[in-house]
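J.: Pasting in a structure now, in structure tokens, and then I'll have a few things to ask.
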Amino acid sequence: MFFKKKIKFFLFGLLDNLKSRYEYYLTETCCARLQKVGKEVNIAPDAVISPYANFLLNHKSVMSIGAETQIRNYVSIKVRGELTIGRNVEIVYFSIIHCDKRIVIGDNCMIAESVSIRDHDHNYHLSDIPFVEQGFKRADVIIGNNVWIGAKSSVFKGVNIGDNVVIGANSVVVKDIPSDSVAVGAPARIIKKLE
Ligand SMILES: CC(C)(COP(=O)(O)OP(=O)(O)OC[C@H]1O[C@@H](n2cnc3c(N)ncnc32)[C@H](O)[C@@H]1OP(=O)(O)O)[C@@H](O)C(=O)NCCC(=O)NCCS
């Protein structure tokens with residue numbers, strides 16, 4: 261049984277590593293080039309994307325960025341799955357969005373500086389195979405409308421954040437946060453409800 265599990269992790273890891281070799285780095289942001297690299301890339305014509313934001317997409321990536329959305333300097337966005345960013349969203353300096361499966365960010369959201377949003381973790385269950393070779397565990401991240409995520413916060417795989425939510429600075433969101441609430445801390449817990 262243990263042997264079977266080991267083989268499974270080894271093969272998944274191998275596959276993940278091979279897949280990542282076929283990604284393309286784009287160090288400058290040019291919507292036309294992004295559209296060529298990804299499978300389906302839609303960027304609203306009035307979205308404002310800094311030339312100092314970094315995008316890493318592969319040929320399977322699906323990405324859409326809504327109208328009036330602003331992506332600032334040194335934001336890093338990596339997509340191997342499906343990323344949807346709504347309209348009038350602001351993603352500020354040094355934030356990271358790494359999407360291996362599916363990440364949805366609703367409309368009118370504010371993502372402050374150095375926020376990290378990821379929908380996957382490395383597998384780490386075997387001690388005799390390097391973690392880097394054990395592949396990933398993935399789960400969708402869904403962020404609703406009108407969500408403000410404070411600086412230096414992290415949102416982890418499988419998390420659902422409802423509408424009208426504030427996440428305090430330096431929070432670590434590992435579980436769902438319902439609509440109309442303020443959550444802070446590591447792990448993030450609700451401290452206030454909105455009327
Ligand atoms: C979450 C936040 C909006 C709450 O502000 P607030 O409504 O004025 O809350 P309060 O200051 O009344 O704090 C309420 C309680 O939560 C605690 N708290 C507030 N923010 C916290 C945080 N980020 N982490 C841990 N605890 C926090 C307070 O210490 C206080 O605890 P107490 O009741 O035991 O004294 C604010 O603290 C915050 O984190 N803002 C994000 C700032 C930021 O990242 N800005 C980026 C620019 S877009």
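Okay, so the sequence shown: first residue is 261 according to the numbering used here, each after it adds one. We treat Cβ as the ideally placed atom computed from N, Cα and C, and that holds for glycine.
Among ILE389, VAL415, ASN405, TYR384, which residue has its Cα nearest to the Cα of PHE456?
T.: Beyond the ends of the chain as shown, which are 261 and 455, falls residue 456; an answer cannot be given.
J.: For LYS452, does the three-state DSSP call read helix, strand or coil?
T.: Note: LYS452 maps to strand in three-state DSSP.
J.: With distances taken between CB atoms, is the gap from GLY428 to ALA443 smaller than 8 Å?
T.: Their beta carbons are under 8 Å apart, which means GLY428 touches ALA443 by this criterion.
J.: Could you check if GLY410 belongs to the surroundings of ligand 1, using beta carbon to heavy atom distance under 7 Å?
T.: At least one heavy atom of ligand 1 is nearer than 7 Å to the Cβ of GLY410, so yes.
J.: Is it the case that the Cβ atoms of ALA313 and ILE337 are separated by a distance below 8 Å?
T.: Yes, Cβ-Cβ distance for ALA313 and ILE337 is below 8 Å.
J.: Residues in its own chain within less than 6 Å of GLU350 by CB, not counting five upstream and five downstream?
T.: Contacts found: GLN330, MET370.
J.: Kindly examine ligand 1 and report whether one of its heavy atoms sits closer than 7 Å to the Cβ of SER355.
T.: No, the beta carbon of SER355 sits no closer than 7 Å to any heavy atom of ligand 1.
J.: Pull up the distance between the alpha-carbon of ASN368 and that of LYS266, whole angstroms please.
T.: Using only the alpha carbons, I get a separation of about 44 Å.
J.: Starting from ALA443 and walking both ways along the beta strand (DSSP E), at which residues does that stretch end?
T.: Counting along the chain, the beta strand (DSSP E) containing ALA443 begins and ends at 441-444.
J.: For my contact list, SER355 and SER374 are in at a C-beta cut-off of 8 Å; report their separation, rounded to the angstrom.
T.: Yes, SER355 and SER374 are in contact; Cβ-Cβ is about 6 Å, under 8 Å.
J.: Mind checking which residues open and close the beta strand (DSSP E) that includes LYS417?
T.: Counting along the chain, LYS417 falls outside any beta strand (DSSP E), and DSSP gives it neither H nor E.
J.: Smallest Cα separation from LEU317: which of PRO390, GLU300, ILE365?
T.: If we check each option's Cα against that of LEU317, GLU300 comes out closest.
J.: Are VAL432 and VAL419 touching if we call contact CB-CB under 8 Å?
T.: Going by C-beta atoms, VAL432 is not nearer than 8 Å to VAL419.
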